[in-house]
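2 protein chains.
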Amino acid sequence: MQYLTASLEDYLEIIHILRQSMSGVGVTDIAKAMDISKPSVTRAIKSLKNNSLVIQEKYGKIILTPEGERVAESVYSRHKVLRKFLKEVLGVSEGTAEIDACKIEHVISKETLEGVEKFLKNYGIEG
Amino acid sequence: MQYLTASLEDYLEIIHILRQSMSGVGVTDIAKAMDISKPSVTRAIKSLKNNSLVIQEKYGKIILTPEGERVAESVYSRHKVLRKFLKEVLGVSEGTAEIDACKIEHVISKETLEGVEKFLKNYGIEG
DNA sequence: TCAAAAAGTAAACTAAAGCTAACTTTTTTG
DNA sequence: CAAAAAAGTTAGCTTTAGTTTACTTTTTGA
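Going down the list, the protein sequences come from chains A and W. Residue numbering for the first sequence follows my numbering, beginning at 257 and increasing consecutively. Residue numbering for the second sequence follows my numbering, beginning at 257 and increasing consecutively.
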């Protein structure tokens, strides 16, 4: 899995986040969290399964594979760094920081992310 | 025209940029600049025509309408602000700044863009 | 001036990602 | 424990945006 779409990255991220507050993540949980239909989720999960990023028995809960977990954490980490930067450095509101971080996290390069992290570190804004 | 896809914004932007160094912008110019096929360009132009953002007679050159020009300039302006910020503030390389600006310009909110502009102004980095 | 090259278009295919309607399976609960 | 509710899936539609192949139109230059 070298390339993932923004959409599939979002699914992994939300599964990761939901997992932190519930024992098992299901299609309906994801659909509600992302405000999309259940069939859309089912199809996305199928695609993630094909890429060995999640495991799910038919009608069962969705579990991230180690690789899926790795990708999800990577995306979520980018999200948190960007959100912090937008809020603390650019003075953007909570809500906008959340929304924009969620979009920028999918398109930003490694180099720019590192620039952001370096900036936060230099200014003593801890992660 | 309240909402434009990232792709269509890119077409408007590239037409605007090409126009600065050539008298008439054609399908082939755009295809080469964006490294995509000519039929892809033709279809995108058709969509922009439907939205009254460009004018083109059959087999003719492509011209931005005043509204198209307004949108193109808005996108390109975002691009320049972001590129400058990435380079001057985050210390990102020329090439990466160009690439990332080109992606972030389509997803960033007004509020965050204003935060970026304010930051540049505060630090005396002139536009 | 007319034939070849270049430019532009049309048609049809593909993939991603959303949707609804209708179905099956599982869970809950009276 | 069986019926209803909830959860999950399937099938088929839509849009966007890329592709290739094959066509038409325009431009150019020997």
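Ideal Cβ placement from N, Cα and C applies to all residues, glycine included.
Top-ranked residue by Cα proximity to residue i, from the options
i: A:T298; options: A:V283, A:D291 and A:N306; result: A:V283
i: W:L346; options: A:Q312, A:G316, A:A287 and A:K374; result: A:K374
i: A:A353; options: W:S308, W:E344, W:R326 and W:E367; result: W:E367
i: A:L268; options: A:S293, A:E329, A:S296 and A:Q312; result: A:E329
i: A:I355; options: A:R326, A:M290 and A:K302; result: A:M290
i: W:V327; options: W:N307, W:K317, W:Q312 and W:P295; result: W:N307
i: A:F341; options: A:I319, A:K305 and A:Y379; result: A:Y379
i: W:L369; options: W:I381, W:K305, W:S333 and W:E313; result: W:S333
i: W:V331; options: W:Q312, W:I381 and W:S365; result: W:S365
i: A:V337; options: A:S277, A:V372 and A:I319; result: A:V372
Within-8 Å CB hit, residue i to chain W
i: A:T298; result: no
i: A:L346; result: yes
i: A:V331; result: no
i: A:V372; result: yes
i: A:L342; result: yes
Distance, residue j Cα to residue i Cα
i: W:L260; j: W:L376; result: 27 Å
i: W:E361; j: W:V310; result: 21 Å
i: W:E323; j: A:V363; result: 28 Å
i: W:C358; j: A:V281; result: 35 Å
i: A:R339; j: W:Y315; result: 47 Å
i: A:L264; j: A:I270; result: 10 Å
i: W:E344; j: W:H335; result: 14 Å
i: W:R275; j: W:D285; result: 10 Å
i: W:S293; j: W:S279; result: 22 Å
i: W:V348; j: A:D266; result: 26 Å
i: W:P295; j: W:G351; result: 28 Å
i: A:I301; j: W:A262; result: 26 Å
i: W:E325; j: A:E313; result: 52 Å
i: A:H272; j: A:L320; result: 8 Å
i: A:L304; j: W:K317; result: 44 Å
Where the alpha helix (DSSP H) through residue i begins and ends
i: A:H362; result: First-last for A:H362: undefined, no H or E at that position.
i: A:K294; result: K294 to N306
i: A:K343; result: A:K343 -> no alpha helix (DSSP H), and no H or E assigned at all.
i: W:V372; result: K366 to N378
i: W:Y267; result: A262 to R275
i: A:I381; result: Where A:I381 is concerned, there is no enclosing alpha helix (DSSP H), given that its DSSP letter is neither H nor E.
i: A:T396; result: A query on residue 396 of chain A cannot be resolved here, the shown segment of chain A reaching from 257 to 383 and no further.
Exercise. Which residues, taken in chain order from the region 348-369 of chain W, show a beta carbon closer than 7 Å to some beta carbon of chain A?
Worked result: Of all residues in the region 348-369 of chain W, only V348, S349, T352, I355, D356, K359, I360, V363, I364, S365, E367 and T368 come within less than 7 Å of chain A when Cβ atoms are compared, listed by chain position.
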